[in-house]
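What follows is a short report on a single structure.
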Amino acid sequence: MKRRMVAAVLTLCMMAGLTACGGNKSGEEGSQSGEVLNVGTMALTCGVPVLYAEEQGYFEDAGLNVNIEIFATGAPINEAIAAEEIDVAVSGFASVYSLANANCTWLADVNTTGGMALYARPDSEIAQCTEEDGIIGSAEALKGLQILEPLGTAVQYMTESYAEKFGLTPNDINQVNMEYAPAYQAFTTGEGDLIASNPPYSYTLETEGYTKLCTFENATGVNMCDGCFARTPVVEERSEDIQKFVDCLVKAMDDLQDDELRSEYTRKVYDENAITCSDEDLAHEIEDRDYIGTEAMSDADYVLGEAWVAITDFLVNAEKITSDNAPNVAASINPEFVSTTTGTEIKAE
Numbered sequence: 000m001k002r003r004m005v006a007a008v009l010t011l012c013m014m015a016g017l018t019a020c021g022g023n024k025s026g027e028e029g030s031q032s033g034e035v036l037n038v039g040t041m042a043l044t045c046g047v048p049v050l051y052a053e054e055q056g057y058f059e060d061a062g063l064n065v066n067i068e069i070f071a072t073g074a075p076i077n078e079a080i081a082a083e084e085i086d087v088a089v090s091g092f093a094s095v096y097s098l099a100n101a102n103c104t105w106l107a108d109v110n111t112t113g114g115m116a117l118y119a120r121p122d123s124e125i126a127q128c129t130e131e132d133g134i135i136g137s138a139e140a141l142k143g144l145q146i147l148e149p150l151g152t153a154v155q156y157m158t159e160s161y162a163e164k165f166g167l168t169p170n171d172i173n174q175v176n177m178e179y180a181p182a183y184q185a186f187t188t189g190e191g192d193l194i195a196s197n198p199p200y201s202y203t204l205e206t207e208g209y210t211k212l213c214t215f216e217n218a219t220g221v222n223m224c225d226g227c228f229a230r231t232p233v234v235e236e237r238s239e240d241i242q243k244f245v246d247c248l249v250k251a252m253d254d255l256q257d258d259e260l261r262s263e264y265t266r267k268v269y270d271e272n273a274i275t276c277s278d279e280d281l282a283h284e285i286e287d288r289d290y291i292g293t294e295a296m297s298d299a300d301y302v303l304g305e306a307w308v309a310i311t312d313f314l315v316n317a318e319k320i321t322s323d324n325a326p327n328v329a330a331s332i333n334p335e336f337v338s339t340t341t342g343t344e345i346k347a348e
């Protein structure tokens, strides 16, 4: 289910002294095309800065004509990119499939992705297994189990990496495609054996006493970031618009370093999109998921798109991306726009 939200129509600002977006090109007359820039994102951590920038009027002040569409997960965002229905995406793990198709450019990391985990009922056989290196389970207990999760997302990568820890392949488990909210409802009413989940649902599962079998980081060995990418023809033909969009996105992420502001605005987004999240869960999410603002990008050790190579290698081995397409992922990462925004020469993977 997606909801269309037309940007640049709200003039009421949440903060005094609102100025144009960061970056040295913002506010220059004639530097944008005036065409609609269609942006797809989710009402989750990655999408909050986009919606915040819209509400604050940052896009409008930069002279951008932005239209935002909200999607449930990254898979339909990829479909919309491929169909040229949207120009820019701010999304998660599923982005890698668009990057592999050689027609998209990775522009900016948005947030770290802590909080994803795999859960079992506490009375299940697998929950009784011994924990080792932060992972609970065994090949015997896991084989054949039904796992509820949205396919094509980061949690599928987590699930299959978890299975691989026990020498199992995706064919040894039963992955059932369900979006996060329906999966949570189904699992908590007795369906499925395991659930691979994302905040805020993962936090709720933990609070309700379900057993955490692994985290994304334990299972995969990588730290991933959600981020922003665009169709390469749009990047090439409308580079001024793309630069301004990145400027505004980074400015919003800088603002949202304030935990109180971030909590208040995220709560608003979740409530408007019927996402259940307690105050405790929201605080947990903010602790787990950092926005990659100017300060983080300016760190000498920062590398744009750092996790994509490891993720791509996994997907090649899992036959989800062909070996021919794999090099397209690394080649798609372009640090030019965030370098301009931050005034720092940023490295790419």
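When the letters of the sequence shown are read in order and numbered with numbering that gives the first Met the number 0, they come out as residues 0 to 348. Each residue gets a CB set at the ideal place from its N, CA and C atoms; glycine is no exception.
The alpha-carbon separation between Glu236 and Gly304 amounts to approximately 23 angstroms. One Cα belongs to Phe244, the other to Cys103, and the distance between them is close to 16 angstroms. The Cβ-Cβ distance between Ala309 and Val221 falls below 8 angstroms. For Val95, same chain residues with a beta-carbon under 7 angstroms away, outside a window of 5 residues either side, are Trp307, Ile310, Thr311, Leu314, Val328 in chain order.
Counting only residues of its own chain and dropping the five nearest sequence neighbours on each side, Ala126 has a CB closer than 6 angstroms to the CB of Ala119, Thr210. Each of Phe92, Gln184, Glu139, Glu178 was checked against the Cα of Gly166, and the nearest Cα belongs to Glu139. Counting only residues of its own chain and dropping the five nearest sequence neighbours on each side, Glu148 has a CB closer than 8 angstroms to the CB of Val154, Gln155, Thr158, Gln174, Val175, Asn176, Met177, Ala182, Ile194, Ala195, Ser196. Straight across, the Cα-Cα distance linking Ala107 with Ala79 is about 19 angstroms.
Excluding sequence positions up to five before and after Glu344, its CB lies within less than 6 angstroms of the CB of Ser338, all in the same chain and listed in chain order.
Asp192 is classed as buried because its beta carbon has at least 16 other beta carbons within 10 Å across all chains shown.
Within the stretch 45-116, the complete beta strand (DSSP E) segments at least 3 residues long are 64-70, 87-90, 103-111, listed from N- to C-terminus. Distances from the CA of Thr214 to each of Ala162, Cys45, Thr231, Ile134 were compared; the closest alpha carbon is that of Ile134. In the three-state reduction of the DSSP assignment, Val221 falls in the coil class, being assigned neither a helical nor a strand state. Taking one beta carbon from each stretch, the stretch 280-300 and the stretch 62-74 have fewer than 3 pairs nearer than 8 angstroms; the two do not touch.
A residue is called buried once 16 or more other Cβ atoms fall within 10 Å of its Cβ, and Gly62 is buried on that count. Ala93 places its beta carbon less than 8 angstroms from that of Gly151. Listed in chain order, the non-local C-beta contacts of Lys346 below 6 angstroms within the same chain comprise Val302, local neighbours out to five positions each way being set aside. Short of 6 angstroms from the beta carbon of Thr187, and not among the five residues preceding or following it, lies no beta carbon of its own chain. Under the three-state reduction of DSSP, Leu255 is assigned to coil, being neither helix nor strand.
Listed in chain order, the non-local C-beta contacts of Ala101 below 6 angstroms within the same chain comprise Asn327, local neighbours out to five positions each way being set aside. In the three-state DSSP reduction, Met177 falls in the coil class, being neither helix nor strand. DSSP, read as helix, strand or coil, puts Cys128 in coil. Under DSSP, Lys211 takes part in a beta bridge, and its partners are Tyr118. Glu284 and Tyr202 do touch by the CB rule: their CB atoms are close to 7 angstroms apart, below 8 angstroms. Thr168 sits exposed, since fewer than 16 C-beta atoms from the chains shown fall within 10 Å of its C-beta.
In the DSSP assignment, Glu148 falls within the beta strand (DSSP E) that extends over 145-148.
For the 8 angstroms CB-CB criterion, Leu255 and Pro48 form a contact. In the DSSP assignment, Ser196 falls within the beta strand (DSSP E) that extends over 193-196. Linking Lys267 to Glu190 through their CA atoms gives a straight-line distance of about 31 angstroms.
When the Cα atoms are used, Glu205 and Asp60 turn out to be separated by approximately 42 angstroms.
By the beta-carbon neighbour count (other beta carbons within 10 angstroms, threshold 16), Asp257 is exposed. Only exposed fits Pro232, as fewer than 16 other CB atoms lie within 10 angstroms of its CB. In the three-state reduction of the DSSP assignment, Lys164 falls in the helix class. One Cα belongs to Leu36, the other to Ile274, and the distance between them is close to 26 angstroms.
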